[in-house]
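For what it's worth, UniProt numbering labels the leading residue of the sequence shown as 1, then goes sequentially. Glycine residues also receive a C-beta, built at the ideal position from the N, C-alpha and C atoms. Everything numeric in this text was worked out from a predicted model, so none of it was measured. To keep things clear, I will list the structure first and then write my remarks on it.
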Amino acid sequence: MITNIDHLGIAVNNLEESIKYYEEALGLHCHGQEEVESQKVKTAFFEAGDVHIELLEPTSPDSPIAKFLEKNGEGIHHVAFATDGITGQLKRASEAGVRLIHETPIDGAANKLVAFLHPKSTHGVLTEFCQAK
Numbered sequence: 001m002i003t004n005i006d007h008l009g010i011a012v013n014n015l016e017e018s019i020k021y022y023e024e025a026l027g028l029h030c031h032g033q034e035e036v037e038s039q040k041v042k043t044a045f046f047e048a049g050d051v052h053i054e055l056l057e058p059t060s061p062d063s064p065i066a067k068f069l070e071k072n073g074e075g076i077h078h079v080a081f082a083t084d085g086i087t088g089q090l091k092r093a094s095e096a097g098v099r100l101i102h103e104t105p106i107d108g109a110a111n112k113l114v115a116f117l118h119p120k121s122t123h124g125v126l127t128e129f130c131q132a133k
C-alpha cells in the first residue's frame, strides 16, 4: 500500500551548483550525497517538511538522467511514492494496465528498493515506488 509521497526527483546538470542554490536561496540543508552506479547518477538529498527532494546528476552520457536532461532540460524528473509492499504495488499497477519500466524492484539510493512506471501509462508523470530494504 502507498503510504506517502517519499520524494520528488529533480534532474540537474551540476549537482554542486544545485546544492548551493537549495542551501543558500531556499535555506534547506543537504543531508547526504550518494552515487547510484546501477542508475549512473549522483544524488543529493534535502528535506522539505515530510517530503524529500532528490537532486539527480548523470554520471554517464547514456544514463536515463542524461537522456532526460538532453530532451527536457533541468526540472522535475519523477514523483516517488513510499510503499510498504513494492512487489504488490507493481502487481496492482500491472493488472491495471500500467506499463512497468521495472517488473521487479532494483537497488536505489538511500538503501531503498525502487521500481518505475512508464510515463506513457501514468498520464505523463514518471512514477517511482520505493520501499526501505
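Buried or exposed (CB count within 10 angstroms, at least 16 for buried), residue i
{"i": "Asp6", "result": "buried"}
{"i": "Ser38", "result": "exposed"}
{"i": "Glu54", "result": "buried"}
{"i": "Glu17", "result": "exposed"}
{"i": "Lys42", "result": "buried"}
{"i": "Gly9", "result": "buried"}
{"i": "residue 134", "result": "Look at the range of the chain in this structure, 1 to 133, and you will see that residue 134 is not part of it."}
Same chain, Cβ closer than 8 Å to residue i, five either side skipped, listed in chain order
{"i": "Pro119", "result": "Val125, Leu126 and Thr127"}
{"i": "Ser63", "result": "Gln39, Lys40 and Val41"}
{"i": "Ala66", "result": "Lys40, Pro58 and Ser60"}
Proximity of residue i and residue j at Cβ, strictly below 8 Å
{"i": "Leu117", "j": "Pro105", "result": "no"}
{"i": "Thr59", "j": "Glu23", "result": "no"}
{"i": "Ala25", "j": "His77", "result": "no"}
{"i": "Leu15", "j": "Ala44", "result": "yes"}
{"i": "Ala80", "j": "Cys30", "result": "no"}
{"i": "Asn111", "j": "Lys133", "result": "yes"}
{"i": "Glu74", "j": "Asn13", "result": "yes"}
Same chain, Cβ closer than 7 Å to residue i, five either side skipped, listed in chain order
{"i": "Thr3", "result": "Ala82, Thr83 and Asp84"}
{"i": "Phe68", "result": "Ala11 and His77"}
6 Å CB neighbourhood of residue i in its chain, flanking five on each side removed
{"i": "Ser121", "result": "Val98 and Arg99"}
{"i": "residue 136", "result": "In the structure as shown, the chain starts at 1 and stops at 133, and residue 136 therefore has no counterpart that could be examined."}
Could I get the ranges of all uninterrupted alpha helix (DSSP H) runs contained in the UniProt domain "VOC" (4-132), with 4 residues as the minimum, in chain order?
15-24, 64-72 and 86-95
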